[in-house]
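Q: Structure in structure tokens, see below.
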Amino acid sequence: MLERVGVEDLDALFADLPAAYRDPSIDLPAQLTEPELIALLEERAAANADPGRPNFLGAGAYRRSIPSIAAHLTSRSEFVTAYTPYQPEISQGTLQTAFEYQSVVCELTGMDVSNTGLYDVASATAEACLLAARATRRGAVALLEPIHPGTADVVRTYARGAGIRVDLVTSGDEATEEHACLVAQQPDFLGTIVDLEPLAEAAHAAGALFVTVADPFALGLLRSPGDAGADIVTGEGRDLAGAPAYGGPSVGLFAARQQYLRQMPGRIVGRTKELEAPPDGGEPRTGYVLTLQAREQFIRRERATSNVSTAQALIALAFTVTVQALGPRGLREAAELCYQRAHAAAARVAALPGFAVPERGPWFQEFLVRGSVPAATLAAALAERGVTAGLDVSDRPEPEARDALLFAVTEATPDAHVAALIAALTEIGGAA
Amino acid sequence: MLERVGVEDLDALFADLPAAYRDPSIDLPAQLTEPELIALLEERAAANADPGRPNFLGAGAYRRSIPSIAAHLTSRSEFVTAYTPYQPEISQGTLQTAFEYQSVVCELTGMDVSNTGLYDVASATAEACLLAARATRRGAVALLEPIHPGTADVVRTYARGAGIRVDLVTSGDEATEEHACLVAQQPDFLGTIVDLEPLAEAAHAAGALFVTVADPFALGLLRSPGDAGADIVTGEGRDLAGAPAYGGPSVGLFAARQQYLRQMPGRIVGRTKELEAPPDGGEPRTGYVLTLQAREQFIRRERATSNVSTAQALIALAFTVTVQALGPRGLREAAELCYQRAHAAAARVAALPGFAVPERGPWFQEFLVRGSVPAATLAAALAERGVTAGLDVSDRPEPEARDALLFAVTEATPDAHVAALIAALTEIGGAA
Amino acid sequence: MSAHRPRSEDFGAQLSFDRSTAGRRAVDVPSWDGEQTPLPDAHLLRDAVRLPELSQGGLVRYYTALSALNYGIDSGTYPLGSCTMKYNPKVDDLVASLPGFATAHPQAAEEDAQGTLRTLLELRRGLAEITGLPAVSLAPAAGAHGELAGVLMITRALEDRGELETRRRILVPDSAHGTNPATAAMAGFTVTQIPTGPDGSLDRATIERELDETVAAMMVTVPNTLGLWENGIEEVADLIHEAGAYLYGDGANLNAIMGRVRYGDLGFDVVHLNLHKSFSTPHGGGGPGAGPVCCSEELAPYLPTPVLEEDAAGLVRLTAPERSIGRLQQFHGNIGVLIRAYAYMRALGLAGLRAVSGQAVLNANYLRVLMHGHYDLPYDRPVLHEVVFSGTRQRREYGVRTYDIAKRLIDHGFHPPTVYFPLIVEEALMLEPTETEPPEAIEALAEALIAIAGESAEDPETLHGAPWTAPLGRLDEATAARRPVLRWPDGKDGG
Amino acid sequence: MSAHRPRSEDFGAQLSFDRSTAGRRAVDVPSWDGEQTPLPDAHLLRDAVRLPELSQGGLVRYYTALSALNYGIDSGTYPLGSCTMKYNPKVDDLVASLPGFATAHPQAAEEDAQGTLRTLLELRRGLAEITGLPAVSLAPAAGAHGELAGVLMITRALEDRGELETRRRILVPDSAHGTNPATAAMAGFTVTQIPTGPDGSLDRATIERELDETVAAMMVTVPNTLGLWENGIEEVADLIHEAGAYLYGDGANLNAIMGRVRYGDLGFDVVHLNLHKSFSTPHGGGGPGAGPVCCSEELAPYLPTPVLEEDAAGLVRLTAPERSIGRLQQFHGNIGVLIRAYAYMRALGLAGLRAVSGQAVLNANYLRVLMHGHYDLPYDRPVLHEVVFSGTRQRREYGVRTYDIAKRLIDHGFHPPTVYFPLIVEEALMLEPTETEPPEAIEALAEALIAIAGESAEDPETLHGAPWTAPLGRLDEATAARRPVLRWPDGKDGG
Ligand SMILES: Cc1ncc(COP(=O)(O)O)c(C=O)c1O
Ligand SMILES: Cc1ncc(COP(=O)(O)O)c(C=O)c1O
């Protein structure tokens with residue numbers, strides 16, 4: 060090959076590179092063979108918390124029971140090793156599953172249209188704010204507290220570039236004519252179930268769009284945001300795709316009402332037919348293609364609706380398989396089981412002397428726990444007893460969050476973990 | 060459906076069953092949903108020894124470094140969920156991989172022909188004895204000690220049915236005109252590398268076949284039995300297919316010289332061509348089929364060469380992928396690495412005061428360890444220190460095995476495990 | 060068309076060995092930097108093995124492409140009679156491969172394998188309940204292995220009764236699976252064939268005539284390979300016992316009767332099961348399977364080693380029955396398959412197992428009524444798990460053989476049924492849909508077979524040439540057997 | 060023929076929703092036997108979601124069949140220019156899914172995630188070494204995300220310099236990937252396009268003319284999208300810095316130069332990498348990816364949150380740079396992808412990475428010389444990782460478009476190249492074989508493209524109708540966009 064290409068060695072192929080900078084000294088760890096690599100990373104994985112340790116963290120990532128077929132199907136190398144389906148004739152696997160995903164997201168959110176998924180819930184919410192600003196030509200957005208701080212932070216990151224002001228508000232009434240949209244999280248950051256309809260009305264009264272950031276799993280039980288008046292719905296699909304994996308890869312759900320279709324960011328898959336009947340006869344067959352690409356960066360360049368290109372297709376597929384494997388009844392049952400288990404656990408905590416579970420209204424899978432010691436102290440005491448406490452939210456402005464930890468219990472939290480928590484709290488409660 | 064079939068309920072379909080015995084009371088544990096099932100079996104799996112515990116057991120099952128692609132490829136559902144390839148036109152995946160397996164086994168063993176695999180090494184060896192008895196019309200077989208007791212036991216089980224006598228011998232000279240075959244294990248049960256050629260000569264001098272029971276991994280380094288004069292070679296493929304899994308599923312290698320082809324047990328795959336050229340032109344293409352079925356039970360019935368039907372196809376595939384992934388150099392390197400690591404570990408043990416490593420000749424991956432206390436006591440002392448000792452072989456007749464444990468160290472035994480062993484022995488050695 | 064398909068490649072002609080390029084590797088092996096121990100004498104060592112050299116990507120592409128040439132349960136309906144090709148729940152594969160199970164060493168102390176042993180013990184207990192036979196060994200690796208175990212157990216029992224010399228015959232139905240007579244022969248017995256009567260059950264007169272003190276046992280498949288209940292089997296059991304012989308049960312068709320009737324209650328002395336069929340462990344292209352053998356208290360002492368016992372301390376132990384026929388495998392059996400079977404049993408429970416047999420039988424009968432009239436049905440009555448049609452009419456009237464019908468079914472998108480078995484049905488088409496095929500799949504299968512019945516009249520040539528749409532057309536099996544090529548490189552095998 | 064294919068089904072017309080049967084389930088959910096807590100008020104709850112109801116087997120068959128309609132790296136050569144479709148080592152997937160990594164909670168205390176954090180820290184250090192840029196954030200989820208981070212960092216830096224109001228322009232080459240201008244616009248800048256000169260490098264004169272105090276930055280892809288080295292980029296860097304602007308590097312094409320030259324040494328201030336390309340993490344049908352952003356000390360304070368630091372006690376911590384642009388994701392990034400990338404880096408080491416870039420460039424040039432003369436080559440010189448041919452001759456002389464050539468390549472068994480990009484090449488065919496394609500694959504690809512060049516002269520119709528042998532023929536994309544059907548059930552989207 061070298062000969063055919065007309066060079067003596069590989070280095071000669073890089074003659075165009077400036078000699079002064081060519082072949083710098085680079086310090087990288089030694090090469091490992093496969094068995095050595097596996098040994099090293101098994102050691103690393105073991106340096107994380109024991110997977111079996113009772114853990115009550117939620118606050119944006121929740122332990123779910125994922126049907127085993129989700130991992131089985133998404134590990135098919137035909138799905139894993141393909142790229143963005145630019146050639147529909149040999150990419151129907153990716154395209155048709157993306158269409159399934161769009162359909163599932165629309166059903167869950169009550170929206171008319173969905174894209175094939177963005178990076179994560181926070182960036183999807185930021186894109187929603189940008190869309191709202193474009194659609195309303197307004198220069199500010201309102202985020203309703205309590206909202207996930209990570210989501211708020213990402214919105215700020217994106218908004219700064221676009222020159223959009225971000226206001227944190229505590230009630231829908233604070234939405235004004237300046238606001239392109241009002242953004243509310245469902246359930247909110249402290250786990251409370253939000254009544255969306257009045258918020259939608261407030262937003263619309265101010266001429267703003269209403270954006271809901273919803274947990275798609277909770278939507279198995281809770282009223283669909285579309286039904287409550289939302290114009291755009293975002294959400295995080297990771298928890299229904301697989302394990303939390305320290306937060307990623309994730310997939311950001313993004314769905315909207317029909318009138319915003321051509322303003323949407325990201326890839327969209329559409330249904331169509333073959334141009335000709337197949338060579339061996341019959342009618343033209345149904346197929347799926349990337350469509351409405353006139354919105355996208357590779358055609359529109361600086362006038363695109365977003366710069367997004369590679370997103371999270373494989374995670375979107377796993378999400379789709381999980382939701383469809385559960386099906387209409389399974390999803391509802393799982394959501395109710397989650398609700399029941401969480402409330403049963405909360406009741407047991409509330410019954411312990413020295414502990415309170417301050418409520419802010421109906422809630423789904425997360426509850427606040429306040430002990431007789433500061434939150435951080437309580438968390439440390441639990442850690443000593445081999446239990447990972449819920450997130451410390453004592454710095455939140457909401458009165459119920461004072462000195463409190465935010466515990467998550469889901470349909471997938473083992474009974475033994477709840478028992479371990481109760482035992483540890485009993486011990487501590489007495490102590491404190 | 061019920062209506063179309065003409066019954067009111069499912070029970071009515073069982074009218075032919077004797078009423079007196081129908082619908083008995085049966086006591087089975089309660090049904091579990093998938094999450095419950097996973098939780099239960101995770102608990103069970105955790106009730107086995109910790110996978111990370113230093114473990115020096117061998118004696119028929121050895122820890123190997125299996126290339127990750129072996130599990131990846133054998134988990135393809137097209138391989139997993141098909142059955143015996145009775146319909147070659149839609150089974151080339153199974154058939155062509157079986158042909159690859161036969162080719163690999165022939166190369167490793169130095170034999171002319173291989174079947175697609177039997178249950179395990181022991182049943183394969185038993186079938187080899189039956190073949191030898193058929194071929195020689197003789198009524199006894201000779202097993203050369205030290206041979207794996209499990210192998211000897213299975214040979215006895217099969218032989219009894221066929222009315223064949225099983226003699227345990229300690230030298231090739233004991234092979235007589237009564238013996239249909241002489242069976243030797245390579246390396247032998249105590250890990251020693253056997254010089255096969257003199258044994259083959261002794262067997263042939265007595266008009267008996269020479270059967271070698273070989274570790275296919277060791278054959279990456281050791282002289283091929285065929286080259287040394289073996290007529291039939293059996294072996295265990297499980298260790299190169301995946302984890303030991305408490306001994307199964309396994310796969311029994313069975314290969315022989317050409318003249319025994321029509322006497323062989325089990326399925327055999329052959330290469331052929333299409334009868335016609337493909338409809339859209341070109342030459343008839345190459346394909347693979349089950350062949351020489353006139354030997355088999357479903358055609359020959361009571362005159363079949365064996366009763367075997369379902370065997371271990373999927374394990375044979377994993378074995379094939381592993382050997383081919385290693386390739387000629389990789390297999391040799393891995394075998395040498397195993398040899399070097401085992402000998403280095405043995406040297407460290409031998410250097411410890413109070414411990415001896417009695418040798419019976421050159422060996423591959425297993426060595427005998429004798430302490431100053433009885434073998435069982437030493438094993439218990441190691442267990443207390445979190446190390447699983449080698450197998451207790453102190454009941455063996457061989458002098459070197461007196462008071463000894465049989466330790467296995469392979470290319471996949473972590474250094475940390477060897478270090479833990481040395482530390483534990485040092486402690487004990489001093490104590491005893 | 061051919062212009063449309065520029066590259067019609069002969070994929071099968073290129074084995075991994077033919078795709079090899081010197082120097083390529085799929086994986087690297089760690090190097091040894093410790094002290095070098097000299098290798099054994101050269102005469103004990105080999106020169107390099109001839110193996111293919113491919114990059115990892117090359118090897119993965121090759122085997123991935125091969126997998127695509129297979130048809131499995133996950134591809135579609137697979138009505139392979141007698142093989143119970145049902146959907147395999149993926150969770151069973153998942154739990155069987157949990158590290159704690161996967162890394163358990165077969166020589167480990169029982170204390171170190173209680174998770175596996177407890178699981179096997181509960182499976183054993185479940186099988187005893189389901190078969191009504193108290194004693195079980197999980198050692199056999201497949202059905203035929205279980206048969207061998209059972210017949211050898213009978214051998215030992217007769218030996219202890221001092222009747223082994225005289226009882227040299229085993230009665231086997233003419234409808235039996237080939238493994239039955241083959242097993243009897245392997246165990247040193249002669250086989251006497253028992254004909255099937257017009258009702259699809261064994262001919263009682265012949266049994267009574269043949270039963271004498273030279274008979275060791277009778278092997279009966281229940282339900283039988285016609286998919287029918289063996290009428291009066293419980294009376295046959297009495298006759299056999301009166302004659303001092305044993306009744307062996309081939310339980311490969313358990314799927315039809317799980318939870319509805321028990322072999323033990325019917326008088327069977329010993330039976331083997333096919334967990335890779337009834338308990339849905341994947342067939343793997345021909346194994347691994349598991350063929351546990353279940354028996355009466357009388358035969359329990361002869362069970363193959365090991366059997367599982369729980370000791371006083373609640374520890375599960377591997378033990379050897381005092382008069383055991385010995386081991387069938389070097390170690391304890393196809394454990395991974397047994398764990399899958401246990402998971403399957405636990406996911407269903409008794410109600411689930413009864414639902415399985417109920418739906419399996421309903422599906423077979425649904426297929427029977429849908430196809431009725433389009434093919435001959437030699438035993439025209441309600442069936443259990445499977446139905447055996449005959450292609451005689453098609454052959455007689457249109458010169459179309461069952462072989463052609465089976466191949467044509469491939470073009471219709473289905474795996475063909477079992478053909479030419481049982482031997483007592485001419486041109487047999489043995490269809491077992493199993494409970495996991497939905498009604499629409501059974502209807503589509505029936506429609507396809509009916510369409511093919513039509514094609515055999517109108518267009519027999521299309522059937523003789525079928526399949527047309529498979530990865531390959533019909534293969535030359537005659538030449539394959541006459542001039543066997545059994546390994547790479549061709550010819551080396553001298554065939 | 061059609062008689063041979065009895066069932067030509069319209070698979071795509073039947074979504075899972077259309078295959079649904081009321082009452083079927085793929086999995087069961089445990090029942091709650093504890094005390095029932097009343098549900099929230101009805102007005103907060105929904106009625107059932109419309110989802111398909113399939114058995115587990117039905118769902119598995121549906122998605123398994125869909126997977127078979129895809130072409131991936133494991134299917135064959137995938138020379139999709141600019142996307143670096145190389146073989147993905149399977150071990151990377153294995154290690155990334157180890158339970159310790161998989162179950163780590165993103166809110167976990169750093170002490171409880173040291174295994175993950177240590178791995179990310181070492182990846183970060185490796186990327187700093189490879190790019191010659193000391194500071195790195197692994198937060199971006201893909202290349203475009205990394206671009207946004209980089210441009211926003213520049214925004215913040217200019218803000219701190221008090222020049223954000225004046226510097227409103229970003230210079231972008233006419234050959235740039237669409238994400239570059241789109242990103243500049245998202246960050247509020249206007250885009251000035253810089254033309255490419257006849258040598259395939261940027262037109263220096265234009266740059267010098269455009270460079271002034273209104274320029275915030277220039278985004279340059281190195282090597283550029285023609286697969287060529289950007290001549291004198293190090294001088295351009297000086298010009299840009301003299302003008303008080305920043306040089307942004309699009310590092311998506313790192314594969315060509317890994318271990319051979321470093322962005323930092325050349326004067327780049329900030330660059331993003333595409334680990335899902337250069338570091339071989341699977342593309343997953345369109346993600347997940349990872350687009351780390353690497354920068355100079357000057358820009359380090361602006362990196363997105365989090366960045367990784369090792370503290371005095373040797374604990375790895377997640378920190379926020381003091382002037383950080385903020386978060387890009389709710390949590391820490393696409394961790395699973397980053398672990399794969401780390402495994403890839405460790406399996407290669409420096410020598411391996413240099414071998415990768417060397418082979419990748421050799422392969423691209425091999426393809427270039429093999430195809431030379433059969434297609435126009437607008438920039439006719441040695442290339443780096445990819446080569447961009449043009450189909451203008453075929454269009455002019457035979458009315459065959461690059462689109463037709465790409466579709467026809469499918470019939471020859473290959474995935475088509477990237478087409479119509481970069482925009483500066485008419486009828487562009489952008490081919491990137493990558494280092495993992497063996498010579499014989501590159502030769503086969505060249506032969507196919509040469510054969511197609513021949514076909515365009517002799518048989519253009521075959522090309523206009525191609526592909527003929529794919530799962531589907533050409534699709535009606537126009538109607539798809541004009542009357543969009545974007546979800547089940549049709550029409551509900553009102554499109
Ligand atoms: C009725 C019957 N008996 C016995 C067997 C033998 O079982 P196996 O193939 O597992 O050895 C089978 C299946 O092959 C069968 O269908
Ligand atoms: C040159 C170049 N820049 C940027 C990108 C954008 O990267 P991503 O798709 O990961 O967002 C790509 C690939 O799409 C590319 O090829």
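Note that the protein sequences, when read in sequence, are chains A, B, C and D. Quick note on numbering: the working numbering labels position 320 of the first sequence as 379, and the sequence is numbered without any gaps. Quick note on numbering: the working numbering labels position 182 of the second sequence as 241, and the sequence is numbered without any gaps. Quick note on numbering: the working numbering labels position 21 of the third sequence as 80, and the sequence is numbered without any gaps. Quick note on numbering: the working numbering labels position 35 of the fourth sequence as 94, and the sequence is numbered without any gaps. We put the CB at the ideal spot given by N, CA and C, even for glycine.
What I want to know is whether the C-beta of cysteine 142/D ends up closer than 8 angstroms to one or more non-hydrogen atoms of ligand 2.
A: yes
Q: Using beta carbons (cut-off 9 angstroms, strictly below), is leucine 555/D in contact with chain A?
A: In the structure displayed, chain D extends from 60 to 554; residue 555/D sits before or after that span and is not available.
Q: Got a sec? Which residues, its chain only, sit under 6 angstroms from valine 396/C by beta carbon, not counting five neighbours each side?
A: Thr340, Pro347, Ala349
Q: What are the start and end residues of each continuous beta strand (DSSP E) run of 3 or more residues lying completely inside the region 430-510 of chain D, in chain order?
A: 446-449, 487-490
Q: Whose C-beta lies closer than 6 angstroms to the C-beta of aspartate 247/A among residues of the same chain, with five residues either side of it excluded?
A: Pro205, Val253
Q: For glycine 93/C and aspartate 451/B, I'd like the C-alpha separation in whole angstroms.
A: 28 angstroms
Q: Please decide whether threonine 113/B counts as near chain A, where near means a Cβ-Cβ distance under 9 angstroms.
A: Sequence check: residue 113/B is proline here, not threonine. Answer no: the Cβ-Cβ gap between proline 113/B and chain A never drops below 9 angstroms.
Q: Histidine 238/B by DSSP, collapsed to three states: which one?
A: Under the three-state reduction of DSSP, histidine 238/B is assigned to strand.
Q: Does histidine 63/C have its Cβ less than 9 angstroms from a Cβ in chain A?
A: yes
Q: Taking the straight line between their C-alpha atoms, what separation do you get for methionine 60/D and glutamate 342/A?
A: Any answer about methionine 60/D is weak, because its pLDDT of 33 lies below 50 and its placement is not dependable; what the coordinates show is given next. Computed Cα separation, rounded: 15 angstroms.
Q: Taking beta-carbon pairs under 7 angstroms, can you tell me which members of the region 151-175 of chain C lie near chain A?
A: Leu153
Q: What residues of chain B sit near valine 86/D, judged by a beta carbon separation below 9 angstroms?
A: Simply Thr92, Glu93, Pro94.
Q: Strictly by DSSP, which residues pair up with asparagine 129/C?
A: Note: asparagine 129/C sits in a beta bridge opposite Ser150/B.
Q: Using a Cβ cut-off of 9 angstroms (strictly closer), state whether aspartate 77/C contacts chain D.
A: Not one chain D Cβ lies under 9 angstroms of aspartate 77/C.
Q: With a floor of 4 residues, list each alpha helix (DSSP H) that falls wholly inside the region 261-290 of chain D, ordered by position along the chain.
A: 263-269
Q: So, does the CB of isoleucine 97/B fall closer than 9 angstroms to a CB anywhere in chain A?
A: Yes, isoleucine 97/B counts as interfacial toward chain A.
Q: Please decide whether arginine 120/D counts as near chain C, where near means a Cβ-Cβ distance under 9 angstroms.
A: Chain C contact via Cβ: present.
Q: Closest by CA to valine 295/D, which one among Val195/D, Thr284/D, Val375/D, Asp262/D?
A: Asp262/D
Q: List the residues of chain C whose Cβ lies closer than 7 angstroms to the Cβ of isoleucine 128/A, in chain order.
A: Contact annotation for isoleucine 128/A against chain C: Lys149 [CB-CB distance below 7 angstroms, chain order].
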